[in-house]
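Undergrad: So the sequence shown is numbered by the numbering used here: it starts at 14 and just counts up by one.
All residues carry an ideal CB built from backbone N, CA and C; glycine is no exception.
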Amino acid sequence: MSCITLANMRKGVLLHKLILLELVLGYWQGFFILFNPPVYAWWLSVAAIPLNISWWLHNVIAWMKLKPFLNKTVSRLFIGTVILVIPYWIVEIYANFTYFHNVNKVFLKTRPWEALCRDPWWILAACLLIYNIKTKYDLTLTQIVRISPRFAVMLGAMVLSICFIILDVLSVTSALKSVLPVGINPFWKLSFVFKCLTDSVVLDDFKTALDRLRHSK
């Protein structure tokens, strides 16, 4: 996805640079499977730092993409609440480190709150995008697929990411039984992959992308 972003990003566009940064920050955590203890625990806990930053940055990117559709009050509320959850991520980084180094089990208490501090803005952005497509652009899914398969891929990735968010919540709240340790379930990883895909496959803000679709209709 980084290659796709590099190939399509335009020089001097902050949004494009942030998307590339989001992708690069999110790489490292997945390499923990290559190591044995104690490197395994160190990698998991240290790589969680750029990963959590990437998750937070994804919401900033969602705000930037959605901003042309938001009035000033809603826009400030959106980005303001994104900023307000930063203390949670600081605690989560600490909890992750102490959990995987067998210091304490604070992570077991913070992990169920992760989705609440990570995903509401993304779900809201997806819902508002669909709403604007239906009310302001009068585009059907068939027309979107015909005009821009790339935009259709983005919408599909949005839906899949939300489905995996729901599965992650069910997993960490024990509604969905898993033999894996807390936080190691595959659902948040798959959700994150599809989030990154939505950002990289359509780099511009949603209004710019939709205006382009309407002109091609």
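What is the C-beta distance between residue 70 and residue 34, in whole angstroms, given that I count them as a contact (C-beta under 8 Å)?
TA: Within the sequence shown, residue 70 is the residue found at index 57, counting from 1. Within the sequence shown, residue 34 is the residue found at index 21, counting from 1. Right, the Cβ-Cβ distance comes to about 7 Å (below 8 Å), so this counts as a contact.
Undergrad: Compute the distance between the beta-carbons of residue 163 and residue 214, then report whether it is under 8 Å.
TA: For the purposes of this step, residue 163 is taken as the residue at position 150 of the sequence shown. For the purposes of this step, residue 214 is taken as the residue at position 201 of the sequence shown. In contact: residue 163 and residue 214 (Cβ atoms closer than 8 Å).
Undergrad: Kindly indicate the opening and closing residues of the alpha helix (DSSP H) around residue 90.
TA: Here residue 90 corresponds to residue number 77 of the sequence shown, with the count starting at 1. Counting along the chain, the alpha helix (DSSP H) containing residue 90 begins and ends at 85-97.
Undergrad: Which residues in the same chain have their Cβ closer than 8 Å to the Cβ of residue 19, if we skip the five residues on either side of it in sequence?
TA: If you number the sequence shown from 1, residue 19 lands on position 6. These residues qualify, in order along the chain: 33.
Undergrad: Taking the Cβ atom as the reference point for each residue, do residue 78 and residue 218 lie within a distance shorter than 8 Å?
TA: To locate residue 78, count along the sequence shown from 1; it is residue 65. To locate residue 218, count along the sequence shown from 1; it is residue 205. Yes. Within cutoff.
Undergrad: In angstroms, rounded to a whole number, what distance separates the CA positions of residue 50 and residue 152?
TA: Start at 1 with the first residue of the sequence shown, and residue 50 comes out as number 37. Start at 1 with the first residue of the sequence shown, and residue 152 comes out as number 139. Each residue's Cα considered, the two are about 53 Å apart.
Undergrad: Among 185, 128, 56, whose alpha-carbon lies nearest the alpha-carbon of residue 68?
TA: For the purposes of this step, residue 68 is taken as residue 55 along the sequence shown, with counting starting at 1. The shortest C-alpha separation from residue 68 is found at 128.
Undergrad: Tell me the rounded alpha-carbon separation between residue 154 and residue 140.
TA: On the sequence shown, position 141 is the one that residue 154 refers to. On the sequence shown, position 127 is the one that residue 140 refers to. Between residue 154 and residue 140, the C-alpha separation is close to 15 Å.
Undergrad: Which word fits residue 208, buried or exposed, when buried means at least 16 other C-beta atoms lie within 10 angstroms of its C-beta?
TA: Here residue 208 is taken as the residue at index 195 of the sequence shown, counted from 1. With 16 or more Cβ atoms within 10 Å of its Cβ, residue 208 is classed as buried.
Undergrad: Answer with buried or exposed for residue 130, where buried requires no fewer than 16 other C-beta atoms within 10 angstroms of its C-beta.
TA: Residue numbering aside, residue 130 sits at position 117 when the sequence shown is read from its first letter. By the 10 Å Cβ count, residue 130 comes out buried.
Undergrad: Alpha carbon to alpha carbon, how far is residue 102 from residue 61? Give it in angstroms, no decimals.
TA: The sequence position of residue 61 within the sequence shown is 48, counting from 1. The sequence position of residue 102 within the sequence shown is 89, counting from 1. Those two C-alpha atoms are separated by around 10 Å.
Undergrad: When you compare each of 84, 228, 56, 171 to residue 205 by their alpha carbons, which one comes out closest?
TA: In the sequence shown, the residue the question calls residue 205 occupies position 192. It is 171.
Undergrad: Sort 176, 146, 135 by Cα distance to residue 94 and report the nearest one.
TA: Position 81 of the sequence shown, counting from 1, holds the residue named residue 94. Residue 94 has its Cα closest to that of 135, out of 176, 146, 135.
Undergrad: Terminal residues of the continuous alpha helix (DSSP H) containing residue 73?
TA: The sequence position of residue 73 within the sequence shown is 60, counting from 1. Start and end: 52-79.
Undergrad: Determine the direct distance from the alpha carbon of residue 92 to that of residue 227, and round the result to whole angstroms.
TA: By one-based count along the sequence shown, residue 227 stands at place 214. By one-based count along the sequence shown, residue 92 stands at place 79. If you take the alpha carbons of residue 227 and residue 92, they lie about 28 Å apart.
Undergrad: I need the boundaries of the alpha helix (DSSP H) containing residue 131, first residue and last residue.
TA: Here residue 131 refers to the residue found at position 118 of the sequence shown. Looking at the DSSP string, the run of the alpha helix (DSSP H) that includes residue 131 is 127-131.
Undergrad: Tell me the rounded alpha-carbon separation between residue 28 and residue 210.
TA: Start at 1 with the first residue of the sequence shown, and residue 28 comes out as number 15. Start at 1 with the first residue of the sequence shown, and residue 210 comes out as number 197. So the two alpha carbons sit approximately 15 Å from each other.
Undergrad: Using only CA atoms, which one of 76, 41, 72, 198 lies nearest to residue 59?
TA: Against the sequence shown, residue 59 aligns to sequence position 46. Considering only alpha carbons, the answer is 41.
Undergrad: Taking buried to mean at least 16 other C-beta atoms within 10 Å of its own C-beta, is residue 186 buried or exposed?
TA: Against the sequence shown, residue 186 aligns to sequence position 173. Exposed, because fewer than 16 other Cβ atoms sit within 10 Å of the Cβ of residue 186.
Undergrad: With burial defined as no fewer than 16 other Cβ atoms inside 10 Å of the residue's Cβ, what is the status of residue 72: buried or exposed?
TA: As a working mapping, residue 72 is identified with position 59 in the sequence shown. Buried.
Undergrad: Can you check whether the CB of residue 66 is closer than 8 Å to the CB of residue 38?
TA: Locating residue 38 in the sequence shown gives position 25, where the first residue counts as 1. Locating residue 66 in the sequence shown gives position 53, where the first residue counts as 1. It is a contact, given that the beta carbons lie within the stated cut-off.
Undergrad: Rounded to a whole number of angstroms, what is the C-alpha to C-alpha distance between residue 167 and residue 123?
TA: For the purposes of this step, residue 167 is identified with residue 154 of the sequence shown, where counting begins at 1. For the purposes of this step, residue 123 is identified with residue 110 of the sequence shown, where counting begins at 1. One C-alpha to the other measures close to 31 Å.
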